[in-house]
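Novice: Shown below is the structure under consideration.
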Ligand SMILES: [Zn+2]
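In our numbering, the protein residues as written are 1 to 73.
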């Protein structure tokens, strides 16, 4: 069973849990009882600083409706 490292953002403690991969993204509770924890990437090489370029831009303007001129209202 893989081991995952977590870090508590409340007290700063780091701890590790062994859990199934299906539960890798489940929230972990700090040994101190805090629930504000983040999963650390261990033994995983993260290349590149900015990952995931915003290739899809948000549409400008509201759009929607058929014509926006009140023909359908
Ligand atoms: Zn904590």
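Positions of the beta carbon are idealized from the N, C-alpha and C atoms, including for glycine.
The model shown is predicted, which means the values in this text are computed figures rather than measured ones.
(1) Kindly give me the distance between the Cβ atoms of residue 20 and residue 6, rounded to whole angstroms, as I take these residues to be in contact under 8 Å.
(2) Measuring straight from C-alpha to C-alpha, what distance separates residue 9 and residue 22?
(3) Given 7 Å as the limit, tell me if residue 28 has its C-beta closer than that to any heavy atom belonging to ligand 1.
(4) Nearer than 7 Å: is that true of the beta carbon of residue 32 relative to any heavy atom of ligand 1?
(5) Have a look at residue 30 and residue 15 and give me their C-alpha separation to the nearest angstrom.
Specialist: The short version:
(1) If you number the chain shown from 1, residue 20 lands on position 20. If you number the chain shown from 1, residue 6 lands on position 6. With a Cβ gap of about 15 Å, residue 20 and residue 6 do not count as contacting.
(2) For the purposes of this step, residue 9 is taken as residue 9 along the chain shown, with counting starting at 1. For the purposes of this step, residue 22 is taken as residue 22 along the chain shown, with counting starting at 1. Distance between the alpha carbons of residue 9 and residue 22 is about 23 Å.
(3) On the chain shown, position 28 is the one that residue 28 refers to. Residue 28 Cβ: outside cutoff for every heavy atom of ligand 1.
(4) Locating residue 32 in the chain shown gives position 32, counting from the first residue. Yes, the beta carbon of residue 32 sits closer than 7 Å to at least one heavy atom of ligand 1.
(5) For this step, residue 30 is matched to residue 30 along the chain shown. For this step, residue 15 is matched to residue 15 along the chain shown. Near 7 Å, if we compare the C-alpha coordinates of residue 15 and residue 30.
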